[in-house]
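Asks: Sharing a structure, written as structure tokens. Questions coming.
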Amino acid sequence: MTDLLSQLKEMLSASGLSGFESPIREIVRTAWEPLTDELLVSKIGSLHGFKQGSGPDPRHRVLISAHMDAIGMMVTEIRDGLMHVTEIGGLDHRILPGQPVTVHGREDLPGVVVQPPAHLLPDSVGDGPVEMKYLMVDVGLLPREVQKKVRVGDPVSYAQAPLELTGEALAGHTLDNRVSVAATTLCLEALQSRHHTWDVWAVASAQEEETLGGAFTSPFDIRPDIAIVIDVCFAKGPGSNDWRSLPFGKGVGIGYGPNIHPALYDAFEKKAKDLEIPYHKDLMPKMSGTDAMAVQIVAEGIPCAVLGIPLRYMHTPVETVSLKDIRRAGRLMAEFITDLDKDSLNQIQWDA
Amino acid sequence: MTEKITIMDKKQLDLLEKLCNATAVSGDEFEVRKIVREEIDAVADEVTVDALGNVLAIKKGRGANKVRVMLAAHMDEIGLMIVKKDDDDDLFQFELVGGIDDRQLPGKAVLVGRDHLPGVIGAKPIHMTTKKERQNKIKVSEMRIDLGPDIGDKVEPGDRATFATRFAVLGPSVCAKALDDRFGVAILIQLLRQAPDHIDLLAAFTVQEEVGLRGARVAAYAFEPDMAVAVDATPAHDLPHWDEEDENVHYNTRLNEGPAIYVMDRATIADRRLVRWLQETAEDMGLPFQLRQPGGGGTDAGVIHKTRSGIPSISVSVPARYAHTAASIARLSDWANTVKLLGAALERVTPDLLAGERRN
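Residue numbers (this note's numbering), protein chains in the order written: chain A, 25 to 376; chain B, 17 to 376.
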């Protein structure tokens with residue numbers, strides 16, 4: 025049994041910005057290697073883990089999609105040994121000044137995002153937030169060394185070390201969405217000792233934060249009958265207390281809305297109730313903001329369920345999660361998959 | 017301009033690391049005071065802790081006509097104080113201690129209290145913000161420190177917090193919180209170890225500099241020195257101007273150009289005899305130095321020079337970028353050269369230096 029905390033910390037130590045996923049992919053590959061029958065890498069860089077079901081040929085297929093890519097930055101210009109950057113994924117520039125980062129140049133260079141002194145910025149900035157175009161990254165090297173080691177286009181990752189808070193809470197960067205990859209690993213572990221008749225395809229998908237590129241392409245290769253998309257969702261916390269946010273550490277979110285097949289919502293809700301796994305209906309009136317937006321419309325269309333692990337401070341380097349909710353999500357998926365049989369697909373009906 | 021990198025010895029580097037990673041928010045300098053005493057109790061002839069918490073160390077010289085030279089470096093750093101626990105959640109409101117730009121706070125890891133409990137200052141997910149909202153800064157009153165759901169009463173109002181940044185060496189540089197003024201503290205400890213024996217060296221490790229230079233005032237009174245040098249860190253604003261057409265002419269100091277000697281800041285007009293003393297020492301020794309651009313800012317010298325009937329004073333600082341943020345960056349060579357300059361200058365102190373009237 026993998027220790028969840030050390031598994032997560034290992035994943036957080038690997039970079040893997042959208043489009044640059046290979047470091048994290050290697051970590052996930054190592055974790056999934058003993059848990060799957062086959063591992064493949066898609067053309068866009070997603071990792072596909074295949075675990076064969078015990079049912080007779082042809083078997084139905086369930087896809088688990090957990091994106092492994094991270095938000096971050098990219099070098100756009102180098103001036104006097106300092107770097108200007110742009111965003112990869114959605115970053116609030118207001119949380120950037122003073123953040124520890126790693127510049128992935130010819131070698132990995134630790135550094136800091138810095139806010140230049142006021143008199144070097146346009147007067148219009150005043151004491152307001154400094155736009156990303158004026159922020160810079162300083163790696164402490166002399167300008168000529170920076171010129172040698174860094175180029176425009178190099179990715180820049182958050183480097184805040186993870187922090188263990190009280191009550192099995194963990195804070196760090198990129199918990200969105202490494203927690204879901206960890207939950208998928210827990211699910212695969214649970215399935216080792218269980219019979220499941222369906223084939224399972226676990227996907228650590230690429231480029232969710234920018235293009236949904238992984239989620240558009242992996243289901244096309246795999247052609248699953250149904251898909252479980254697992255991602256983080258908003259947890260209640262400072263500045264985040266309306267209907268969109270679920271209680272922190274008090275259960276998984278089960279997504280409900282147009283990206284989700286209602287019969288799959290019902291099936292997951294029933295499963296959670298039966299097992300007494302705490303859950304909350306996570307309302308997504310227009311869209312889910314997850315891989316499901318793409319998976320749902322691949323090929324002829326794929327029925328999707330969306331699971332959410334509540335996360336505070338999403339897209340900051342101090343995202344905070346409860347390990348309890350990761351375990352709950354892993355268990356819920358494993359139990360759901362174990363119960364899939366030859367009739368299950370018939371129950372996923374519209375207007376039933 | 018020199019780019020010669022002088023690496024401090026391992027012992028001094030380890031000491032600076034320990035000092036920077038310690039928490040000593042103004043008014044609660046316990047951790048740094050403890051390190052200082054461990055380092056100097058065996059070195060100095062007398063060590064006392066005064067009513068405000070200053071550590072006052074005396075290393076006596078031999079013979080007659082000794083000049084009493086005071087050195088001051090402040091132990092405290094900017095930080096936060098927990099002021100209230102939310103009624104309905106395990107989240108803590110805080111206030112700022114010292115001059116912190118509130119734009120440096122959201123999204124940061126912090127360490128709270130004497131036990132250094134890890135916590136975070138989060139921010140609303142960008143997904144829930146509007147463009148207009150992102151054009152305004154996040155108010156401190158809206159920020160909270162989150163230490164997890166089981167924090168209970170392990171944290172209480174009054175506890176101090178600092179940035180969780182850990183000390184790191186980046187090539188020719190050091191990156192840490194609180195280089196302002198752990199550089200000064202480390203330098204004073206080193207100078208006590210190598211004190212020349214023709215002067216009385218009076219080292220004040222001061223408190224509450226960041227909230228009003230309070231420690232230095234009473235330390236200078238107690239020491240009653242003939243002259244004083246405040247050793248601090250000063251901003252290097254040596255970044256490019258956003259407009260490439262515009263040259264940055266207000267850089268205060270620049271990294272890599274050596275110790276910054278003060279002629280004037282907002283609080284002190286340095287005694288010219290002391291400016292010449294340091295400048296001539298550097299020139300004779302072939303050490304790099306820079307004159308800090310005269311203007312704003314202030315150091316412990318601001319109160320020392322007006323204590324009793326007046327004390328000839330000057331400041332020398334290690335240039336450091338991004339002071340008062342989670343992570344400052346400075347060059348190891350500038351630190352090493354500051355130690356060398358002050359060490360050599362102390363050797364050259366004679367009663368003649370201050371004989372007669374203050375003159376230009």
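C-beta: ideal position from N, C-alpha, C; glycine also. Being a predicted model, the structure only gives us computed values, none of them experimental.
Here's the rule I'm using: 16 or more other beta-carbon atoms within 10 Å means buried, otherwise exposed. How should residue 379 (chain B) be labelled?
Replies: Outside the shown range of chain B, which is 17 to 376, sits residue 379 (chain B), and nothing can be said about it.
Asks: How should residue 41 (chain A) be labelled, buried or exposed, when 16 other C-beta atoms within 10 angstroms of its C-beta is the threshold for buried?
Replies: Flag for residue 41 (chain A) reads buried.
Asks: In the DSSP output, which residue or residues are listed as bridge partners for residue 248 (chain B)?
Replies: B:333.
Asks: Quick check on residue 376 (chain B): buried or exposed, where buried means 16 or more other Cβ atoms within 10 Å of its Cβ?
Replies: Exposed.
Asks: What did DSSP end up calling residue 160 (chain B) once you bin it into helix, strand or coil?
Replies: DSSP places residue 160 (chain B) in coil when its eight states are reduced to three.
Asks: With the cut-off set at 8 angstroms, would you say residue 56 (chain B) and residue 34 (chain B) are in Cβ contact?
Replies: Their beta carbons are not under 8 angstroms apart, which means residue 56 (chain B) does not touch residue 34 (chain B) by this criterion.
Asks: Flag this pair as touching only if the stretch 191-211 of chain B and the stretch 331-347 of chain B have three or more C-beta atom pairs under 8 angstroms; answer yes or no.
Replies: In short, these stretches touch, since the Cβ pair count reaches three.
Asks: In the DSSP assignment, find the unbroken beta strand (DSSP E) run with residue 109 (chain B) in it and report its ends.
Replies: 107-113 is the extent of the beta strand (DSSP E) around residue 109 (chain B).
Asks: Please classify residue 56 (chain A): is it buried, with 16 or more other beta-carbons within 10 angstroms of its beta-carbon, or exposed?
Replies: Under this definition residue 56 (chain A) is a buried residue.
Asks: Taking 8 angstroms as the threshold (beta carbon to beta carbon), is residue 136 (chain B) in contact with chain A?
Replies: Yes - at least one Cβ of chain A is within 8 angstroms of the one on residue 136 (chain B).
Asks: Using a Cβ-Cβ cut-off of less than 7 angstroms, list which residues of the stretch 337-358 of chain A approach chain B; keep chain order.
Replies: Correct list: 337, 338, 339, 340, 341, 342 and 344.
Asks: Any beta carbon of chain A sitting closer than 8 angstroms to that of residue 120 (chain B)?
Replies: Yes, residue 120 (chain B) lies at the interface with chain A (some Cβ there is under 8 angstroms from its Cβ).
Asks: Determine the direct distance from the alpha carbon of residue 211 (chain A) to that of residue 48 (chain A), and round the result to whole angstroms.
Replies: Between residue 48 (chain A) and residue 211 (chain A), the C-alpha separation is close to 19 angstroms.
Asks: Along the chain, where does the alpha helix (DSSP H) containing residue 380 (chain B) start, and where does it finish?
Replies: Since the first residue shown for chain B is 17 and the last is 376, residue 380 (chain B) is missing from the structure and cannot be characterised.
Asks: Can you list the beta strand (DSSP E) stretches of 3 or more residues lying completely in the stretch 164-233 of chain B, in chain order?
Replies: Listed in chain order, they are 176-179, 184-186, 189-192 and 215-222.
Asks: In the DSSP assignment, what are the bridge partners of residue 357 (chain A)?
Replies: According to DSSP, which records beta bridges pairwise, residue 357 (chain A) is partnered with nothing at all.
Asks: Cβ of residue 70 (chain A) less than 8 angstroms from any chain B Cβ?
Replies: Chain B, which has no Cβ nearer than 8 angstroms to the Cβ of residue 70 (chain A), makes this no.
Asks: Using a Cβ cut-off of 8 angstroms, which residues of the stretch 138-158 of chain B contact any Cβ in chain A, in chain order?
Replies: So the list reads 138, 139, 140, 141, 142, 143, 144, 145, 150, 151, 152, 153, 154 and 158, given in the order they occur along the chain.
Asks: First and last residue of the alpha helix (DSSP H) that includes residue 204 (chain A)?
Replies: Per DSSP, residue 204 (chain A) belongs to the alpha helix (DSSP H) from 199-215.
Asks: From which residue to which residue does the beta strand (DSSP E) around residue 64 (chain A) run?
Replies: Residue 64 (chain A) -> beta strand (DSSP E) spans 62-65.
Asks: Chain B partners of residue 234 (chain A), CB-CB under 8 angstroms?
Replies: Going along chain B, no residue has its Cβ under 8 angstroms from residue 234 (chain A), so there is no contact; the nearest lies around 14 angstroms.
Asks: Quick check: the Cα distance between residue 171 (chain B) and residue 64 (chain A), rounded to an integer number of angstroms?
Replies: Distance between the alpha carbons of residue 171 (chain B) and residue 64 (chain A) is about 49 angstroms.
Asks: By the three-class DSSP mapping on this structure, what secondary structure does residue 305 (chain B) have?
Replies: Residue 305 (chain B) falls in the coil class under three-state DSSP.
Asks: Using alpha carbons as the reference points, say which of B:164, B:249 and B:308 lies closest to residue 200 (chain B).
Replies: Nearest C-alpha to residue 200 (chain B): B:249.
Asks: Comparing C-alpha positions only, which one of B:244, B:156, B:228 and B:142 sits nearest to residue 96 (chain B)?
Replies: Among B:244, B:156, B:228 and B:142, the Cα nearest to that of residue 96 (chain B) is on B:156.
Asks: For residue 301 (chain A), I'd like the list of residues in its chain whose CB is within less than 6 angstroms of its CB, leaving aside the five on either flank, ordered along the chain.
Replies: Only 352 and 356 meet the Cβ criterion.
Asks: Of all Cβ atoms in chain B, is any one closer than 8 angstroms to the Cβ of residue 112 (chain A)?
Replies: Not an interface residue.
Asks: Could you tell me whether any Cβ in chain A is nearer than 8 angstroms to the Cβ of residue 124 (chain B)?
Replies: Interface residue, yes.
Asks: Since residue 281 (chain A) is in the beta strand (DSSP E), which residue starts that stretch and which ends it?
Replies: Note, residue 281 (chain A): premise wrong, no beta strand (DSSP E); not H, not E.
Asks: Apart from the five residues just before and just after residue 94 (chain B), which ones in its own chain have a Cβ nearer than 7 angstroms to its Cβ?
Replies: Excluding positions up to five away in sequence, the list reads 113, 114, 115, 116, 226 and 340.
Asks: With DSSP collapsed to three states, give me the class of residue 300 (chain A).
Replies: It is coil, neither helix nor strand.
Asks: Do you know whose CA, among B:327, B:142, B:132 and B:235, lies nearest residue 373 (chain B)'s CA?
Replies: The candidate whose alpha carbon is nearest that of residue 373 (chain B) is B:327.
Asks: Would you mind telling me which residues of chain B sit closer than 8 angstroms to residue 181 (chain A), beta carbon to beta carbon, in chain order?
Replies: Residues of chain B passing the Cβ test: none, with the nearest at roughly 15 angstroms.
Asks: How would you call residue 374 (chain A), buried or exposed, if buried means at least 16 neighbouring beta carbons within 10 angstroms?
Replies: So residue 374 (chain A) ends up on the exposed side.
Asks: Which partner residues of residue 347 (chain B) appear in the DSSP bridge assignment?
Replies: Note: residue 347 (chain B) sits in a beta bridge opposite B:189.
Asks: What do you get for residue 125 (chain B), buried or exposed, if any count of 16 or more other CB atoms within 10 angstroms of its CB means buried?
Replies: The residue is buried, with at least 16 neighbouring Cβ atoms inside 10 Å.
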